[in-house]
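Numbering (our numbering), first residue to last: 2 to 223.
Just below is one structure, and these are the notes that go with it.
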Amino acid sequence: MNRNYSKELGNILNDKTTRGKKLLLHSCCAPCSSYCLEYLRPFFAITVFYYNPNISPAAEYMKRKEEQQRLIGQMNRSINQPADRSIVQPVNRLSGEGDAFPIDYLEGDYEPELFAQLSKGREQCREGGERCFHCYRLRLERSAQKAKEGAADYFTTTLTISPLKDASKINAIGEAIATETGVAFLPADFKKREGYKRSIELSKEYGLYRQDFCGCVYSQRG
Numbered sequence: 002m003n004r005n006y007s008k009e010l011g012n013i014l015n016d017k018t019t020r021g022k023k024l025l026l027h028s029c030c031a032p033c034s035s036y037c038l039e040y041l042r043p044f045f046a047i048t049v050f051y052y053n054p055n056i057s058p059a060a061e062y063m064k065r066k067e068e069q070q071r072l073i074g075q076m077n078r079s080i081n082q083p084a085d086r087s088i089v090q091p092v093n094r095l096s097g098e099g100d101a102f103p104i105d106y107l108e109g110d111y112e113p114e115l116f117a118q119l120s121k122g123r124e125q126c127r128e129g130g131e132r133c134f135h136c137y138r139l140r141l142e143r144s145a146q147k148a149k150e151g152a153a154d155y156f157t158t159t160l161t162i163s164p165l166k167d168a169s170k171i172n173a174i175g176e177a178i179a180t181e182t183g184v185a186f187l188p189a190d191f192k193k194r195e196g197y198k199r200s201i202e203l204s205k206e207y208g209l210y211r212q213d214f215c216g217c218v219y220s221q222r223g
């Protein structure tokens, strides 16, 4: 039976004990993170972890990193940050008003050699196939490690917002890593609830650079 990851996440958010817990959110880029942050920031104290050794060339990596930092800065300026984290009220999507936790930023090392190593023998894999699964695991393993170091309650990723990515596979990888590390993985399928559509709207509102390929040299082949 197919799992409804969006509903599972909703159930977690509806639990009042969730409010104020620490979440490490792996982000692939600012546009993909925009909706995820809007949706999650009333509930979690979020650290965005930008770790993407797959992105090339280096100039593209830097451009996406800078856009991620700019988005976080703008979102932090637009919210109320209550002293009592137990009484945060959700941000109103239409007005942008409401209480939410401040968003922190953490950057991982840029390690394209690791991505090149895991891609050996998988160069001809289709986009969204075996090579991508290994890439997801690399980024989620590092995310879980950072979440554990920072004593986060959960880790998750923005990757499921893409209509081109298999949310079931991403969640399965995340949950396997959670078992290995002891850090809970937050289930999600961010493309649901019109999340992908909302990310496009937010990209326009914030004037974000929106790339036309996933990130690696293979995804640029189209």
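Glycine included, every Cβ here is placed at the ideal spot set by N, Cα and C.
C-beta atoms of residue 75 and residue 207 nearer than 8 Å: Yes, they are a contact pair.
Pairwise C-alpha distance: residue 210 and residue 154: C-alpha separation (whole angstroms): 31 Å.
CB of residue 177 within 8 Å of CB of residue 185, strictly: Between residue 177 and residue 185, the C-beta spacing is not below 8 Å.
Pairwise C-alpha distance: residue 47 and residue 23: Computed Cα separation, rounded: 6 Å.
Residues near residue 188 by beta carbon distance below 7 Å, same chain, minus five either side: Cβ within range, chain order: 6, 9, 10 and 172.
For residue 30 and residue 231, believed in contact at Cβ under 8 Å, the rounded distance: Residue 231 is absent from the structure shown; the chain starts at 2 and stops at 223.
C-alpha distance - residue 105 paired with residue 111, whole-angstrom precision: Take the alpha-carbon of residue 105 and the one of residue 111: they are about 19 Å apart.
Proximity below 8 Å, CB of residue 102 to CB of residue 42: Remark: C-beta atoms of residue 102 and residue 42 approach each other more closely than 8 Å.
Bridge-paired residues (DSSP) for residue 107: Residue pairing of residue 107 in beta bridges, as defined by DSSP: 50.
Cutoff 8 Å: residue 156 Cβ touching any chain B Cβ: Within the model displayed, chain B is absent; a lone protein chain is all it includes.
Three-state secondary structure (DSSP) of residue 134: Helix.
Terminal residues of the alpha helix (DSSP H) in which residue 23 lies: Membership of residue 23 in any alpha helix (DSSP H) is not indicated; the residue belongs instead to the beta strand (DSSP E) covering 22-28.
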